[in-house]
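Asks: Just passing along the structure, written as structure tokens.
Protein chains: 2
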Amino acid sequence: MVTIKDIAQKTGVTATTVSRVINNRGYISDATREKVWKAIEEMHYRPNEVARQLARQHTDTIGIIVPHISHPYFAKLISNLEYAATRHHYKILLCNSREEPEKEAEYLEMCIANKVSGIVLCSKYLQAEKFRFLDIPIINLERMDERKDIITIQSDNYEGGRLAAQHLIDKGCRSLLHFGGVAGKNMPADRRADGFRDVCLQKGVSNVILQSDQKDFESLQYQDHIRKSLEKNPAVDGIFASSDLIALQVIQVCSQMKIEIPAQMKLIGFDDVGISSMATPAITTIHQPIREMSELSIEYIDKKLRGETVPLNVYMPVRLIERDST
Amino acid sequence: MVTIKDIAQKTGVTATTVSRVINNRGYISDATREKVWKAIEEMHYRPNEVARQLARQHTDTIGIIVPHISHPYFAKLISNLEYAATRHHYKILLCNSREEPEKEAEYLEMCIANKVSGIVLCSKYLQAEKFRFLDIPIINLERMDERKDIITIQSDNYEGGRLAAQHLIDKGCRSLLHFGGVAGKNMPADRRADGFRDVCLQKGVSNVILQSDQKDFESLQYQDHIRKSLEKNPAVDGIFASSDLIALQVIQVCSQMKIEIPAQMKLIGFDDVGISSMATPAITTIHQPIREMSELSIEYIDKKLRGETVPLNVYMPVRLIERDST
Numbered sequence: 006m007v008t009i010k011d012i013a014q015k016t017g018v019t020a021t022t023v024s025r026v027i028n029n030r031g032y033i034s035d036a037t038r039e040k041v042w043k044a045i046e047e048m049h050y051r052p053n054e055v056a057r058q059l060a061r062q063h064t065d066t067i068g069i070i071v072p073h074i075s076h077p078y079f080a081k082l083i084s085n086l087e088y089a090a091t092r093h094h095y096k097i098l099l100c101n102s103r104e105e106p107e108k109e110a111e112y113l114e115m116c117i118a119n120k121v122s123g124i125v126l127c128s129k130y131l132q133a134e135k136f137r138f139l140d141i142p143i144i145n146l147e148r149m150d151e152r153k154d155i156i157t158i159q160s161d162n163y164e165g166g167r168l169a170a171q172h173l174i175d176k177g178c179r180s181l182l183h184f185g186g187v188a189g190k191n192m193p194a195d196r197r198a199d200g201f202r203d204v205c206l207q208k209g210v211s212n213v214i215l216q217s218d219q220k221d222f223e224s225l226q227y228q229d230h231i232r233k234s235l236e237k238n239p240a241v242d243g244i245f246a247s248s249d250l251i252a253l254q255v256i257q258v259c260s261q262m263k264i265e266i267p268a269q270m271k272l273i274g275f276d277d278v279g280i281s282s283m284a285t286p287a288i289t290t291i292h293q294p295i296r297e298m299s300e301l302s303i304e305y306i307d308k309k310l311r312g313e314t315v316p317l318n319v320y321m322p323v324r325l326i327e328r329d330s331t
Numbered sequence: 006m007v008t009i010k011d012i013a014q015k016t017g018v019t020a021t022t023v024s025r026v027i028n029n030r031g032y033i034s035d036a037t038r039e040k041v042w043k044a045i046e047e048m049h050y051r052p053n054e055v056a057r058q059l060a061r062q063h064t065d066t067i068g069i070i071v072p073h074i075s076h077p078y079f080a081k082l083i084s085n086l087e088y089a090a091t092r093h094h095y096k097i098l099l100c101n102s103r104e105e106p107e108k109e110a111e112y113l114e115m116c117i118a119n120k121v122s123g124i125v126l127c128s129k130y131l132q133a134e135k136f137r138f139l140d141i142p143i144i145n146l147e148r149m150d151e152r153k154d155i156i157t158i159q160s161d162n163y164e165g166g167r168l169a170a171q172h173l174i175d176k177g178c179r180s181l182l183h184f185g186g187v188a189g190k191n192m193p194a195d196r197r198a199d200g201f202r203d204v205c206l207q208k209g210v211s212n213v214i215l216q217s218d219q220k221d222f223e224s225l226q227y228q229d230h231i232r233k234s235l236e237k238n239p240a241v242d243g244i245f246a247s248s249d250l251i252a253l254q255v256i257q258v259c260s261q262m263k264i265e266i267p268a269q270m271k272l273i274g275f276d277d278v279g280i281s282s283m284a285t286p287a288i289t290t291i292h293q294p295i296r297e298m299s300e301l302s303i304e305y306i307d308k309k310l311r312g313e314t315v316p317l318n319v320y321m322p323v324r325l326i327e328r329d330s331t
């Protein structure tokens, strides 16, 4: 690796002069300036960003800790976070916790040791006390914490559940089923079930709320869970799935059970990721503003670093997108 | 941020002693050792990984440059690369080039300035001469280059095309269509069309090979392209799509055109990502060994850094996975 010293040696000036030319500081004659730049070009010198980061005490890198990379929701989220980060001149350090508490803790330590500028947390198990003595801005994205002083950005999950139940009832369904999140985790997404239940109670519509288990979430394979649930609840004529990925598998299981969607069964997903519009039938879903939530996450980290005050709790609006499955 | 000096001050020993305790070097009395560790705990000291990286001249970070993050193929690839990197104690710096040449060049500069340990390139436009003077190991993953001295890992795309055509013909198809990659890019994936064409010619089966345009690839929306192609080629009874994502949309367009899969139309995808098994009908596909290709990419970077000799060109085997769409 070529250093400033090598450039100095080659051009016969001091390292300080080379540094001045690069940083455009102090008086340098045109001849020297030209000579130094020519050597920089010829010797393929590249400034050492790591050294600069050391001087600056942070690295313009934002750590993103997710429980899954290939899940369509997180893939879309990562894509949008990367886009927003680039616009704000940050790089992305991507960490997949796989929902393993030790792995999450390890990643967090790694982010801190590497002096990231901020962290976007989408993974559940991280112990809040780990952050207590840190100066790094942290964003909880669709994630709750016992600590109340961490910026939290979430979509209006309760309203999403309400919209889904209301739409299924409007379409004539009288026995609803909700495939909810992972049992025992207390995530913001669990509020979808609350909104769903409240509308059903209000309208006197029978409803079943099922949670999935950690194993299904890890493997992204919900078919067995869906099949057993439908066999156990044969009267169900409307399903609200807590992700488009689950909804895609509901279509498959219904097809195998000769249940026609939307004629015999209406179906709504959640997230509005690419597959919802590409499925057959195209999936009615609750749109989560992933782009805007990603943009805010990066913006808030950036503002916090500049000492500005940012909101502590943000709820983003959701909306129903009607397609062919209802 | 707490430094070694702060620990030294608090414990009344020198900074060198603190450093020795942390790095377990030289003789230190048990009393001093205990005192220093206690202060480290109490003051929440964290070693500065950036400073260590500066000393080491690289950062244990691997840059990944992809043209898409949320495309299921790249999402699965990133997920597997991250997993392999973690096993080898590397971190992932994720860059989405969006197939913009300037953005790719910018990301590459950024990776270099940040002293990454290696780069996995999955994006097309990067100019080879940019790397010419670099010591950093680079892996071309499913990507070709004019430069012949860069490690290239690809799946046996030609064989994949052959397997697809052979399977469709075995299933009774007599007029085949291939939805290929983006026109004018000369990617390894284009070899799928060659294998497909060769089998069709050999068996005397009529075949049409269509390329998609950059816009469709960027938006991941192929429906219009598929619809127009099927209207223009009404005799087609077998389709080989160059990704499962395209195959998913073929199912939708066929459903809208009242063409039954597999009764009237047989369909094969490529990649074997999650959606292929979750679609209705589940999609027959060519399995690409994404996990193994990711593992090799990281392993080769690691070996190159340790001065070991690694293969220059690797072709990974593919295999047919038969599901309901044929």
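One line per chain: the protein sequences are A and B, in this order. Counting in our numbering, the first sequence runs from 6 upward without gaps. Counting in our numbering, the second sequence runs from 6 upward without gaps. C-beta atoms are modelled at their ideal positions from N, C-alpha and C, and glycine is treated no differently. In this text, all values refer to a predicted model and were calculated from it rather than measured experimentally.
(1) Pull out every residue of the segment 7-38 of chain B whose Cβ sits closer than 7 angstroms to any Cβ of chain A, in chain order.
(2) Could you tell me which chain B residues have their CB closer than 9 angstroms to the CB of Tyr88(A), listed as they occur along the chain?
(3) What do you reckon, are the CB atoms on Asp276(A) and Asp249(A) nearer than 7 angstroms?
(4) Near Thr8(B), which residues of its chain fall below 6 angstroms by C-beta distance, leaving aside the five closest residues on each side in sequence?
(5) With DSSP as the reference, label Val121(A) as helix, strand or coil.
(6) Met262(B) touches chain A at which residues, Cβ-Cβ below 7 angstroms?
(7) Return helix, strand or coil for Ile158(B), following the three-state DSSP convention.
(8) Roughly how many whole angstroms lie between the Cα atoms of Gln261(A) and Ser282(B)?
(9) Where DSSP assigns a beta bridge to Tyr320(B), which residues make up the other side?
(10) Kindly indicate the opening and closing residues of the alpha helix (DSSP H) around Lys271(A).
(11) Starting from the Cα of Tyr78(A), find the closest Cα among Arg92(A), Asn212(A), Phe222(A) and Gln207(A) and give me that residue.
(12) Could you check which residue in Val319(B), Ser224(B), Glu313(B) and Asn212(B) has the C-alpha nearest to that of Phe184(B)?
(13) How would you write the range of the alpha helix (DSSP H) that Gln293(B) sits in, first residue to last?
(14) For Val23(B) versus Ile33(B), is the C-beta spacing smaller than 7 angstroms?
(15) Using only the alpha-carbon positions, how far apart do Gln254(A) and Ala194(A) sit?
(16) Helix, strand or coil: which one does DSSP assign to Thr21(B)?
(17) Compare the beta carbon distance of Val71(A) and Cys127(A) with 7 angstroms and say whether it is the shorter of the two.
(18) Per DSSP, what kind of secondary structure is Cys178(A) in: helix, strand or coil?
(19) If I measure Cβ to Cβ from Thr19(B) and keep anything under 7 angstroms in the same chain, skipping five residues before and after, which residues do I get?
(20) Quick one: is Ala194(A) near chain B, going by C-beta distance under 7 angstroms?
(21) Might you give, ordered along the chain, the residues of its own chain that have their beta carbon closer than 7 angstroms to the beta carbon of Val278(A), omitting 5 neighbours on each side?
(22) So what does Ile74(B) bridge to, in DSSP terms?
(23) So is Ser247(A) buried or exposed if we call it buried at 16+ other beta carbons inside 10 Å?
(24) Using three-state DSSP, classify Cys127(B) as helix, strand or coil.
(25) Could one say the Cβ of Met283(A) lies closer than 7 angstroms to chain B's Cβ atoms, at least one of them?
(26) Shorter than 7 angstroms from the beta carbon of Ser247(B) to some beta carbon of chain A?
(27) Tell me, please, which residues DSSP counts as bridged to Ser217(A).
(28) Is the CB of Ala118(A) under 7 angstroms away from at least one CB in chain B?
(29) What would DSSP say about Ile303(B), mapped onto helix, strand or coil?
(30) Mapping the DSSP letters down to three states, classify Leu225(B) as helix, strand or coil.
(31) Just to make sure I have the definition right: I need the residues of chain B whose C-beta is within less than 9 angstroms of the C-beta of Lys233(A). Which are they?
(32) Starting from Ile256(A), find everything on chain B with Cβ-Cβ shorter than 8 angstroms and list it in chain order.
(33) How would you list, in chain order, the residues of chain B whose beta-carbon sits under 9 angstroms from the beta-carbon of Ala44(A)?
(34) Could you list which residues in chain A have their beta carbon closer than 8 angstroms to that of Arg92(B), in chain order?
(35) Alpha carbon to alpha carbon, how far is Glu147(B) from Thr16(B)?
(36) Could you list which residues in chain D have their beta carbon closer than 9 angstroms to that of Ile97(A), in chain order?
Replies: Here's the rundown:
(1) none
(2) Ile74, Asn101 and Arg103
(3) yes
(4) none
(5) coil
(6) Those within 7 angstroms of Met262(B) in chain A number zero; the least Cβ separation is about 12 angstroms.
(7) strand
(8) 13 angstroms
(9) Gln159(B)
(10) First-last for Lys271(A): Lys271 to Asp276, but that is the beta strand (DSSP E), not the alpha helix (DSSP H).
(11) Phe222(A)
(12) Asn212(B)
(13) Element bounds for Gln293(B): n/a, residue is neither H nor E.
(14) no
(15) 19 angstroms
(16) helix
(17) yes
(18) coil
(19) Ala13
(20) no
(21) Pro77, Tyr78, Lys81 and Asp249
(22) DSSP, once it has assigned bridges, lists no residue as partnering Ile74(B).
(23) buried
(24) coil
(25) yes
(26) no
(27) Val187(A)
(28) yes
(29) helix
(30) coil
(31) In chain order: nothing, as chain B lies at least about 17 angstroms away.
(32) Thr285
(33) By Cβ distance, chain B contributes nothing, its closest Cβ being about 14 angstroms from Ala44(A), past 9 angstroms.
(34) Chain A residues near Arg92(B): none, gap ~12 angstroms exceeds 8 angstroms.
(35) 55 angstroms
(36) No chain D is part of this structure, whose protein chains are labelled A and B.
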